[in-house]
Amino acid sequence: MSGYVYELKQYYASRAGRMVRRLLQAYIHDFWPDVKGKRILGYGYAVPFLKALQDDAVQVFGLMPAGGGVHHWQQKGVNKVAVTLEDFIPLETESVDLILITHGLEFSTAPEEMLAEMWRVLKSNGRMIVVVPNRLGMWARVEHTPFGHGKPYTSTQLTGLLNKALFVCERKNRALFMPPFKSFLVLRTAYAMESFGKYIFPGLSGVHVFEVSKQVYAGALKQETKKAQGRRILVADSVGT
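Numbering (our numbering), first residue to last: 3 to 243.
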């Protein structure tokens with residue numbers, strides 16, 4: 003799905019996309035009810051969800067992987083988005099408090115390398131939320147939504163990948179229980195389906211929402227500090243303020 007960023011932008015501007023954003027935003031808020039004083043990185047295509055966090059946080063900005071495309075996201079005339087390589091995130095080590103990955107992991111061609119970089123730039127007491135399509139859900143099988151593209155994961159697969167990258171799952175949730183259709187009736191009943199779906203058919207959710215923390219001591223023993231060899235390090239403050 004090369005150049006998918008503009009397709010994602012178009013989707014989240016649609017009626018169905020706006021409903022998906024509201025539903026997922028509620029889960030993000032449940033995990034992060036207070037972001038005051040935090041520096042937040044959104045990776046993949048997180049712009050629709052970062053907007054709700056920017057008023058309280060110290061700084062909010064997005065990084066989009068090369069190959070997917072990029073578009074500006076401005077706040078008071080300052081661009082808040084940059085493009086990056088998956089295996090080299092242009093930020094200083096332990097420079098962000100919170101990381102939100104949406105439409106990032108499923109499109110990654112090197113997920114282990116990408117997660118290793120997320121581990122590096124996240125502060126030792128930081129948290130990361132990963133939103134990824136559920137392999138067992140209907141949304142992963144329908145291509146007219148973004149969640150029907152890329153590589154979906156089961157809960158077990160996602161847990162294993164994150165553990166291998168030295169992350170510990172703190173909390174997890176399942177989201178998007180409404181069918182991936184655009185009909186008015188489906189959208190009108192989305193909140194009701196979200197409420198009872200997690201109890202009636204929890205394994206068939208559209209996406210997984212995991213919050214993880216770092217295995218700091220294991221990482222100190224296993225990982226060596228990366229050095230920037232001829233590449234520019236982007237200090238978070240330089241992506242707008």
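Each residue gets a CB set at the ideal place from its N, CA and C atoms; glycine is no exception.
query, result
"By Cβ distance below 7 Å, which residues in the same chain neighbour His105 in space, the five residues on each side in sequence not counted?", "Leu10, Gly46, Tyr47 and Pro148"
"Just the C-alpha distance for Trp34 and Lys82, rounded to the nearest angstrom, thanks.", "21 Å"
"Mind checking whether Gly128 and Leu100 have CB atoms under 8 Å apart?", "yes"
"Between Thr139 and Gly208, is the Cβ-Cβ spacing less than 8 Å?", "A quick correction: the sequence has Gly, not Thr, at residue 139. Yes, they are a contact pair."
"Under the rule that 16 or more other beta-carbon atoms within 10 Å means buried, what is Phe198, buried or exposed?", "exposed"
"Could you spell out the range, first to last residue, of the alpha helix (DSSP H) harbouring Asp58?", "Careful: Asp58 lies outside any alpha helix (DSSP H) and carries neither H nor E."
"Have a look at Arg137, Glu145 and Ala142 and flag the residue whose alpha-carbon is nearest the alpha-carbon of Gln159.", "Arg137"
"Using only the alpha-carbon positions, how far apart do Leu55 and Phe179 sit?", "24 Å"
"Is Phe51 buried or exposed, if buried means 16 or more other CB atoms sit within 10 Å of its CB?", "buried"
"On the three-state DSSP scale, how would you describe Arg129?", "strand"
"Use the C-beta contact count for Pro204: other C-beta atoms within 10 angstroms, 16 or more gives buried, fewer gives exposed.", "exposed"
"Is Tyr14 helix, strand or coil by DSSP?", "helix"
"When burial is assigned at 16 or more other CB atoms within 10 Å of the CB, is Thr86 buried or exposed?", "buried"
"Under 8 Å Cβ to Cβ from Gly150, same chain only, skipping five residues before and after it: list those, please.", "Pro135, Trp141, Ala142, Arg143, Val144 and Pro182"
"From the DSSP secondary-structure annotation, give me the bridge partner or partners of Leu43.", "Phe63 and Ile101"
"Indicate the three-state DSSP secondary structure (helix, strand or coil) for Thr243 in the structure shown.", "Interpretation of Thr243 is limited by its pLDDT of 43, a score under 50 that renders its predicted location unreliable; no figure is taken from the coordinates."
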